Amino acid sequence: MPELPEVETIVRDLRPHLLGQRIAQVVHLNPQVLRHPGPAELLSSLPGQLAVGMTRRGKFIHLRLDSGQTLVVHLGMSGSLIVAAADLPALPHTHLRLRLSSGVELRYRDPRRFGRVALGEEVVLRGLGVVPVLGDEPLGRGFPSPGVHAALRRSARPVKAVLLDQAVIAGCGNIYADEACFLARVRPSRPALRLSARERTRVLAALPIVMREAIRRRGTSFSDYRDGFGAKGEAFEALLVYGRGGSGCVRCGSTLRQATVAGRTTVFCVRCQQ
DNA sequence: CCCCTATCCTGAGGGC
DNA sequence: TGCCCTCAGGATAGGG
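Residue numbers for the first sequence follow the working numbering, beginning at 191 and rising by one.
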């Protein structure tokens, strides 16, 4: 479950290794992970292309190529994107291997195959719905926008469901939604429209705080997450609620409760979060 | 229209 | 020790 901080860490790691590199060869492709175009088209399009830009939008990675096409990668639950020496054997479930002009390989791996790869002009990919409409960037200037405030004010859904809605806030996933709610002392199951203005402000202010801290720690390390070099992150130990159901709240010592909210495992403090 | 649930997929971890 | 069952979840499709 790479979320914004994990994807951002990967992009920062990989960017200097990819920009200015040419794709020499597609060493391997598993067509199952390809959303667009077909395998034949990708195999004929990629070789020879120069990487000219690499950015993150929400949880999506965009590698811009000199033809005007973009290689778009979503890591799903268990995806990783790394650079590796070409002679290093690829791990199982490696679905895409691109040999670069520098000699190293860009490798996309995803055991659970929830992630997807696509290639095309961004306008086309948006038209196809491969790249969906995304909401505000939590680390962008002007966050939270009036639109995000309004989305929370209007919705009867649990506040956590709104935080997870990529069309409202891009890049927030299960871990950081729980962490932000804890920091803001707001129970994740509260209907968003029932939050006071003060609570709404606290929740939205907490998001960039927990995400910046996670980026500082190079992403949360658990299960399949790896940074751009295949190493684990170190933010797991810093999580205050996620994965800590049944143990003590760091703020008041009460036993943290685990429940399902918005279809997701959710951990919160009954005493601190009203 | 809005919200919830099932679905995809594999590996980790718990229970017996 | 080993096997089997359950669970984890991002995004999407479909149902109520």
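Note that the Cβ used here is the ideal one computed from N, Cα and C, for glycine as well.
Note that the structure is a prediction, hence the values are computed from the model and not measured.
By the three-class DSSP mapping on this structure, what secondary structure does residue i have?
i           : result
residue 413 : Summary for residue 413: the model assigns pLDDT 48, below 50, so the residue's position carries little reliability; its value from the coordinates is reported in the next sentence. Note: residue 413 maps to coil in three-state DSSP.
residue 229 : helix
residue 401 : helix
residue 264 : strand
residue 270 : strand
residue 440 : coil
residue 314 : helix
residue 366 : helix
residue 381 : strand
residue 453 : coil
residue 339 : helix
residue 194 : helix
residue 217 : strand
residue 360 : coil
residue 223 : helix
residue 392 : helix
residue 302 : coil
residue 372 : helix
On a Cα-Cα basis, can you pick out the residue from the options that is closest to residue i?
i           : options            : result
residue 269 : 288, 243, 304      : 304
residue 264 : 431, 332, 360, 206 : 360
residue 205 : 255, 229, 193      : 255
residue 393 : 351, 357, 418, 433 : 351
residue 253 : 197, 372, 346      : 197
residue 298 : 194, 356, 274      : 274
residue 289 : 267, 240, 357, 266 : 240
residue 285 : 222, 434, 317, 329 : 222
residue 218 : 211, 234, 343      : 234
residue 340 : 302, 294, 324, 390 : 390
residue 317 : 226, 331, 379      : 226
residue 244 : 210, 438, 266, 267 : 210
residue 203 : 419, 280, 448, 431 : 419
residue 329 : 319, 220, 451, 398 : 398
Let me know if residue i comes out buried or exposed under the rule of 16 or more other beta-carbons within 10 Å of its beta-carbon.
i           : result
residue 348 : buried
residue 322 : exposed
residue 334 : buried
residue 287 : buried
residue 192 : buried
residue 396 : buried
residue 439 : buried
residue 357 : exposed
residue 199 : buried
residue 378 : buried
Taking only the alpha-carbon atoms, compute the straight-line gap between residue i and residue j and give it to the nearest angstrom.
i           : j           : result
residue 445 : residue 400 : 22 Å
residue 376 : residue 408 : 26 Å
residue 250 : residue 459 : 32 Å
residue 404 : residue 215 : 35 Å
residue 236 : residue 283 : 21 Å
residue 385 : residue 313 : 37 Å
residue 463 : residue 402 : 22 Å
residue 258 : residue 311 : 6 Å
residue 434 : residue 457 : 7 Å
residue 213 : residue 382 : 47 Å
residue 247 : residue 327 : 8 Å
residue 231 : residue 387 : 51 Å
residue 278 : residue 368 : 38 Å
residue 364 : residue 442 : 23 Å
residue 370 : residue 453 : 18 Å
residue 195 : residue 272 : 16 Å
residue 430 : residue 238 : 47 Å
Assuming contact is defined by CB atoms lying nearer than 7 Å, are residue i and residue j in contact in what I supplied?
i           : j           : result
residue 373 : residue 362 : no
residue 296 : residue 261 : no
residue 293 : residue 276 : yes
residue 224 : residue 320 : no
Check whether the Cβ of residue i lies closer than 6 Å to any heavy atom of the ligand FMN, and answer yes or no.
i           : result
residue 440 : Among the components modelled here there is no ligand, and therefore nothing to report on the ligand FMN.
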